[in-house]
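Note that our numbering has the sequence shown beginning at 649, numbered continuously upward.
Each residue gets a CB set at the ideal place from its N, CA and C atoms; glycine is no exception.
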Amino acid sequence: MKTVAELEAELIENFDLLETWEEKYDYLIELGQELPPMDPAQKTEENRVKGCQSSVWFDITCQDGKLFFDADSDSLIVKGLVAILHQLLNGQPAEAFADLNLNLFETLGFWRHLSSQRSNGLTAMVAHLRAAAAECAQTKA
């Protein structure tokens with residue numbers, strides 16, 4: 649499995665091929681549409697990320713110290729952000745989440761182009777995943 653850094657580099661390369669923000673948003677939406685479908689039964693209040701204006705769900709499991717999750721959102725742009733997190737982090741060791749930062753989204757230029765609500769939601773999603781990873785790391789120990 650590729651590391652988070654390797655996956656980030658691939659995403660940066662893919663987004664760098666796009667010239668305008670319209671193209672980047674279209675690609676972000678496309679990533680969201682390619683996200684594996686989430687079972688509607690998993691869209692529970694327990695799996696809902698608090699702090700997001702849009703509805704976002706993560707159904708997270710811990711297996712052998714690695715975090716696996718299904719995810720979805722009711723917003724096209726946010727679902728694209730969820731897809732990036734899924735592409736980067738699904739199946740990664742819980743320890744990888746401790747050093748997780750949002751520099752990728754700065755590098756891609758999203759902080760300048762996302763609304764403050766979406767930026768806050770992205771921060772909430774990462775915090776949600778970090779908390780689950782910390783719990784997963786404890787169960788492994």
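(message) Let's see if you can read the secondary structure: which residues bound the alpha helix (DSSP H) around Lys672?
(response) If you look at Lys672, you'll find it in the alpha helix (DSSP H) that goes Trp669 to Glu682.
(request) Go ahead and pull the three-state DSSP assignment for Gln701. (result) Residue state, collapsed to three classes: coil.
(message) On the criterion of 16 or more Cβ atoms from any shown chain inside 10 Å, does Glu680 qualify as buried, or is it exposed?
(response) Note on residue identity: the sequence assigns Gly, not Glu, to residue 680. The residue in question, Gly680, is buried, as its Cβ has 16 or more Cβ neighbours within 10 Å.
(request) Return the Cβ separation of Gly769 and Gln701 in integer angstroms, given the expectation that the two are a contact with Cβ distance under 8 Å. (result) With a contact defined as Cβ atoms closer than 8 Å, Gly769 and Gln701 qualify at about 6 Å.
(message) Count Cβ pairs between the stretch 653 to 671 and the stretch 710 to 719 that sit closer than 8 Å; are there 3 or more?
(response) no
(message) What does the alpha-carbon distance come out to for the pair Asn751 and Glu743?
(response) 18 Å
(request) Would you give the residue range spanned by the alpha helix (DSSP H) that Lys727 belongs to? (result) For Lys727, the enclosing alpha helix (DSSP H) has its first and last residue at Leu724 to Leu737.
(request) With DSSP as the reference, please indicate the residues paired to Phe706 in a beta bridge. (result) Ala719
(request) Using beta-carbon positions only, say whether Val652 and Met773 come within less than 8 Å of one another. (result) no
(message) From the DSSP secondary-structure annotation, give me the bridge partner or partners of Pro688.
(response) Looking at the DSSP assignment, Pro688 forms no beta bridge with any residue, so it has no partner.
(request) Please confirm whether any heavy atom of the ligand SAH lies closer than 7 Å to the CB of Leu737. (result) Ligands displayed in this structure: none; no statement on the ligand SAH is therefore possible.
(message) I'd like to check one pair, Phe753 with Arg778: are the Cβ atoms closer than 8 Å?
(response) no
(request) Please name the residue, chosen from Ile677, Trp759, Ala780 and Glu693, that lies closest to Ser723 on a Cα-to-Cα basis. (result) Ile677
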